[in-house]
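Counting along the sequence shown from 1, when you hit position 36 you're at 1319 in this note's numbering, and nothing is skipped either side. Everything on this sheet refers to the single structure shown next.
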Amino acid sequence: MAYDEQLADRIRERFAELDNVDEKEMLGGLTIMYNDKMCVGVIKDCLMCRIDPELHDMAVEMRGCRTLDFVKRPMSGYVLIDETGMKSKKDFEYWIGLALDFNPRAKASKKKKK
């Protein structure tokens, strides 16, 4: 997988104190699952956050943020933040906070039958 390991470590450090956290390789990068729901991740050199879809339009107006456009399908509630949007610890915490705030209301993906 080709993704920013330093960013992945930064996320791991932030989630280290939380329970029920898991890592999965998906979307061509690393995804952090929190409470069995996709929460944040790393795609190439960007932070991916799952946020409240009602905040999506406001979020993509912010520096360094754009809609996750996976396989040419824009995904409302999923944003990518490049380095310019998360340079400071405060900016990084802002995005992680949006994802953690939405997590309790996010729908869990359906479990695949084995």
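Cβ atoms here follow ideal geometry from the backbone N, Cα and C, with glycine treated the same way.
- Hey, how far is the Cα of Met1345 from the Cα of Gly1368? Met1345 and Gly1368: Cα-Cα distance of roughly 8 Å.
- Query: What residue from Ser1392, Leu1290, Lys1390 has the CA that sits closest to Leu1330's CA?
  - Reply: From the listed residues Ser1392, Leu1290, Lys1390, the smallest Cα separation to Leu1330 is found for Leu1290.
- Quick one: what's Asp1305 bridged to in DSSP? Secondary-structure assignment with DSSP links Asp1305 through a beta bridge to Met1316.
- Would you list the one or two residues that DSSP bridges to Glu1361? It is worth fixing the name first, because residue 1361 is Tyr in this sequence and not Glu. DSSP output for Tyr1361 lists Arg1333 as bridge partner(s).
- Message: Please state the DSSP three-state secondary structure of Arg1349.
- Response: The three-state reading of DSSP puts Arg1349 in strand, counting E and B together.
- Message: Does the contact criterion of 3 or more C-beta pairs under 8 Å hold for the region 1351-1361 versus the region 1320-1337?
- Response: Counting C-beta pairs closer than 8 Å gives three or more between the region 1351-1361 and the region 1320-1337, which meets the contact rule.
- Task: Could you name the residues that DSSP lists as bridge partners for Val1325?
- Result: Answer by DSSP bridge pairing, in chain order: Leu1313, Leu1330.
- Message: Using C-beta distances below 7 Å, list every residue in its chain close to Ala1389, excluding the 5 sequence neighbours before and after it, in chain order.
- Response: Within its own chain, the residues whose Cβ lies closer than 7 Å to the Cβ of Ala1389, once the five positions on either side in sequence are excluded, are Lys1320, Arg1333, listed in chain order.
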